[in-house]
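Colleague: This is the structure I have questions about; it appears just below.
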Amino acid sequence: MRAELLSKNEETNKRIDDLRAELLSKNEETNKRIDDLRAELLSKNEETNKRIDDLRSELYSKLDDTNKRIDDVKSDVKVFREDVFNRLNTLSANFDKALSDLRTEFYKKLDETKADTYKRLDDLKADISSKYQIMSQRIDDLDKKLIDLKSDFTYTKQSFDELRDRLVKAMIESLEKQR
963 MRAELLSKNE ETNKRIDDLR AELLSKNEET NKRIDDLRAE LLSKNEETNK RIDDLRSELY
1023 SKLDDTNKRI DDVKSDVKVF REDVFNRLNT LSANFDKALS DLRTEFYKKL DETKADTYKR
1083 LDDLKADISS KYQIMSQRID DLDKKLIDLK SDFTYTKQSF DELRDRLVKA MIESLEKQR
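Structure follows, in structure tokens:
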């Protein structure tokens, strides 16, 4: 009878060890999936940061080009004004009217160029903001999946603990009944 109890005890211990090994394997799989998700998240974050940096560089380059063009236009305007003012000394009142019309047209084109540049900048900002929101949503979704995986693992561990406690209790009760 004692040999039979020892045999049952060994069998129970083996089943507990098998369950423990199975749960440890599942735990390792879960940790690997978590690590894979974390690596994927970091990779996507790096890609997003690179795209943001590329867009930022492109934006700064366009801004520098625009500023250079504005400076060139200002320089041209300065030369033009000096020439016009030198000619104004020798021309009649009709030329004053033509100069005024030319100045109005120039400022209108300058305002149109400036408005177009600001519109393109606003469009680029909106595009960057939209992509950032999409990536933020993806990150939030991955965080939720990670929390769900942790919850599943906790539930599995609790189930294992309850099963172990029941087995130990049943073995103790069985031993007490046999005494």
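All you need for the numbering used here is the position in the sequence shown, starting with 1, plus 962. Positions of the beta carbon are idealized from the N, C-alpha and C atoms, including for glycine.
Would Asn975 pass as a contact of Phe1115 if the rule is Cβ separation under 8 Å?
Modeller: Contact flag unset, no.
Colleague: By alpha-carbon positions, which one of Ser1136, Lys1107, Met1097 ends up nearest to Ile996?
Modeller: Lys1107
Colleague: From Val1046 to Glu1020, what does the alpha carbon distance come to, in whole angstroms?
Modeller: 38 Å
Colleague: For Thr1052, which three-state DSSP category applies?
Modeller: coil
Colleague: In angstroms with no decimal places, state the Cα-to-Cα distance between Phe1122 and Glu972.
Modeller: 18 Å
Colleague: Could you check what DSSP says for Met1133 in three-state terms: helix, strand or coil?
Modeller: Helix, per DSSP.
Colleague: Straight-line CA distance for Leu985 to Thr1118?
Modeller: 8 Å
Colleague: Answer yes or no: does any C-beta atom of chain D fall closer than 8 Å to that of Thr1010?
Modeller: No chain D is part of this structure, which consists of one protein chain only.
Colleague: So, under 8 Å CB-CB, Lys1012 and Met1097 are touching, yes? Tell me the CB distance rounded to an integer number of Å.
Modeller: Not quite, the Cβ-Cβ distance comes to about 12 Å (not below 8 Å), so this is no contact.
Colleague: With distances taken Cα to Cα, identify the nearest neighbour of Lys1040 among Phe1068, Asn1056, Lys1059, Asp1063.
Modeller: Of the candidates Phe1068, Asn1056, Lys1059, Asp1063, Phe1068 places its Cα closest to the Cα of Lys1040.
Colleague: Measure from the alpha carbon of Asp998 to the alpha carbon of each residue in Met1133, Asp1105, Ala1132, Lys1139, then state which is nearest.
Modeller: Out of Met1133, Asp1105, Ala1132, Lys1139, Asp1105 has the C-alpha closest to the C-alpha of Asp998.
Colleague: What is the DSSP secondary structure of Met1097, reduced to helix, strand or coil?
Modeller: helix
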